[in-house]
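J.: Sending over a structure as structure tokens; questions will come in a sec.
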Amino acid sequence: MNIDKAVLAFAGLVVLAGLVLSLSVSPWWLLLSAFAGLNMIQAAFTGFCPAAIIFRKLGLKAGNAFR
Numbered sequence: 392m393n394i395d396k397a398v399l400a401f402a403g404l405v406v407l408a409g410l411v412l413s414l415s416v417s418p419w420w421l422l423l424s425a426f427a428g429l430n431m432i433q434a435a436f437t438g439f440c441p442a443a444i445i446f447r448k449l450g451l452k453a454g455n456a457f458r
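This note's numbering applies: residue 392 is where the sequence shown begins, and numbers increase by one.
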């Protein structure tokens with residue numbers, strides 16, 4: 392798995408976790424999904440993604456999007 396795929400998988404996990412928590416705990420958990428979405432939009436324009444930096448330090452190889 393490369394960094395690009397790991398970032399997409401992590402973002403999907405965060406969105407789904409926010410949705411499940413909003414249904415089971417509190418609607419305020421929807422802010423987690425909103426944050427993930429905003430971070431994905433920001434990363435598309437700037438190329439900066441904190442999750443990509445963490446995955447790089449964990450030893451995943453670079454993909455096309457996050458080098």
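Note that beta-carbon positions come from the ideal geometry of N, C-alpha and C, so glycine has one too.
The model shown is predicted, which means the values in this text are computed figures rather than measured ones.
Helix, strand or coil for Asn430? Go by DSSP, reduced to three states.
T.: As a working note, residue 430 is residue 39 in the sequence shown. In the structure shown, Asn430 sits in a helix (DSSP, three-state: H, G or I).
J.: So is Phe426 buried or exposed if we call it buried at 16+ other beta carbons inside 10 Å?
T.: Numbered from its first residue, the sequence shown carries residue 426 at position 35. Answer is exposed; the Cβ neighbour count stays below 16.
J.: Using the rule of at least 16 other Cβ atoms within 10 Å of the residue's Cβ for burial, across every protein chain shown, is Phe436 buried or exposed?
T.: Walking along the sequence shown from the start, residue 436 turns up at place 45. The residue in question, Phe436, is exposed, as its Cβ has fewer than 16 Cβ neighbours within 10 Å.
J.: From the DSSP output, read off the bridge partner residues of Lys452.
T.: Stepping through the sequence shown from its first residue, residue 452 is reached at position 61. Asn393.
J.: Using the Cβ count rule (16 or more neighbours within 10 Å means buried), how would you classify Ala443?
T.: Within the sequence shown, numbered from 1, the residue matching residue 443 stands at position 52. Buried, since its Cβ has 16 or more Cβ neighbours within 10 Å.
J.: What does the Cβ neighbour count give for Val398, buried or exposed, with the cut at 16 atoms within 10 Å?
T.: Taking the first residue of the sequence shown as 1, we reach residue 398 at position 7. It is buried - the Cβ of Val398 has at least 16 other Cβ atoms within 10 Å.
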